[in-house]
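Quick notes on the structure that follows.
There are 2 protein chains.
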Amino acid sequence: MKIVDIEKIKGTDREVQGEGWTSYRMLLKKDGMGFSFHETRIPPGAELHLWYKNHLEAVYCVEGDGSIEDLATGEVHQIHDGILYALDKHDRHILRGGNKEMRLICSFNPPVTGRETHDEDGSYILVED
Amino acid sequence: MKIVDIEKIKGTDREVQGEGWTSYRMLLKKDGMGFSFHETRIPPGAELHLWYKNHLEAVYCVEGDGSIEDLATGEVHQIHDGILYALDKHDRHILRGGNKEMRLICSFNPPVTGRETHDEDGSYILVED
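Line by line, the protein sequences give chains H and D.
Just so we're aligned: 113 in this note's numbering is position 113 of the first sequence, and the numbers increase by one with no gaps anywhere.
In short: position in the second sequence from 1, add 129, done, that's this note's numbering.
Take a look at the structure:
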């Protein structure tokens with residue numbers, strides 16, 4: 001059994017920041033669960049163009065608000081507490097912050113190693129251990 | 130892209146209840162993510178004896194409080210907002226509700242099909258589609 005306290009991750013290499021997002025990697029590939037598990041915070045007004053070509057991702061909002069634009073269809077879905085989106089087709093999308101910081105709980109398959117960065121497409125490059 | 134609203138799951142077969150728990154299966158095996166993704170509520174005073182012999186599970190608390198007892202070591206870990214536990218060794222455990230209903234976000238590997246029930250060991254039996 002592993003216990004992970006987000007307060008103890010802050011300031012370590014499991015806290016990763018970019019423009020418009022901060023992510024806490026609670027579980028990574030090396031934790032051996034077969035998925036990774038993150039908490040990500042999106043501030044009001046952020047706009048992220050993302051395309052996880054190599055990963056499937058589920059994202060569940062538990063606080064705050066924002067929206068996601070599906071670039072395949074043009075549809076915009078509002079996000080708030082209790083809304084999950086699943087990128088089951090490696091969907092290209094734009095994630096936008098709303099009026100209050102969004103708190104998102106995310107799971108990735110395959111698991112993120114922690115050494116990925118977003119490339120020019122907004123994708124995570126696959127990293128082998 | 131799939132959008133899942135917990136309010137639309139309530140009262141359907143994706144809402145599952147037992148003594149001391151209610152679970153909302155946001156993503157199941159058939160959703161094709163390679164993991165399942167649930168929100169589970171544990172009321173104050175609940176005591177659940179669990180042993181997922183067939184699954185790895187990560188559980189992240191985002192509201193409320195409780196505790197988990199690791200039956201391999203006897204250790205008791207307090208659970209509150211920001212604490213994750215990972216059952217990376219199919220750990221036998223007792224999950225206890227605290228003073229305020231716990232809101233837990235859970236991911237299972239392999240994904241739950243939605244047709245499992247807890248057996249006499251507190252395990253989910255593997256179900257093939």
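Quick reminder that beta carbons are idealized off the backbone N, C-alpha and C, glycines included.
Give every residue of the same chain whose Cβ lies closer than 6 Å to the Cβ of V4 (chain H), excluding the five residues on either side of it in the sequence, and list them in chain order.
M26
Backbone secondary structure at K2 (chain H) - three-state DSSP
strand
On the criterion of 16 or more Cβ atoms from any shown chain inside 10 Å, does A86 (chain H) qualify as buried, or is it exposed?
buried
Of the residues D:R244, D:H219, D:D194 and D:L157, the one placed nearest E181 (chain D), counting alpha carbons only
Per the sequence shown, the amino acid found at residue 181 (chain D) is Tyr instead of Glu. The shortest Cα separation from Y181 (chain D) among D:R244, D:H219, D:D194 and D:L157 belongs to D:H219.
Would you please verify whether the beta carbon of S196 (chain D) is less than 8 Å from any beta carbon of chain H?
no
Residues, ordered as in the chain, of the segment 14-31 of chain H that lie near chain D by beta-carbon distance below 8 Å
M26, L27 and D31
Does any residue of chain D have a CB that is nearer than 8 Å to the CB of N109 (chain H)?
yes
In three-state terms, what does DSSP make of D91 (chain H)?
coil
Taking just the CA atoms, how far does E47 (chain H) sit from G193 (chain D)?
31 Å
Taking 8 Å as the limit between beta carbons, can you name the residues of its chain near D129 (chain H), skipping five residues before and five after?
Confidence is the limiting factor: at D129 (chain H) the pLDDT is only 47, short of 50, which leaves the residue's position unreliable, though a coordinate-based value still follows. Excluding sequence neighbours, D129 (chain H) sits near K29, K30 and T113.
Going by beta carbon distance, what residues of the same chain come within less than 8 Å of I83 (chain H), once the five residues before and after it are set aside?
Y60, C61 and H77
With DSSP collapsed to three states, give me the class of D305 (chain D).
The structure shown does not extend to residue 305 (chain D), since chain D spans only 130 to 258, so no value can be given for it.
Check whether the Cβ atoms of M102 (chain H) and I9 (chain H) sit closer than 8 Å, and answer yes or no.
no
Let me confirm a value: A58 (chain H) is counted as buried when at least 16 other C-beta atoms fall within 10 Å, else exposed. Which label applies?
buried
Less than 8 Å between CB atoms is the rule here; does L56 (chain H) satisfy it with respect to chain D?
yes
Near-chain D residues of the segment 76-91 of chain H (beta-carbon distance less than 8 Å), N- to C-terminal order:
H77, G82, I83, L84, Y85, A86, L87, D88, K89 and D91
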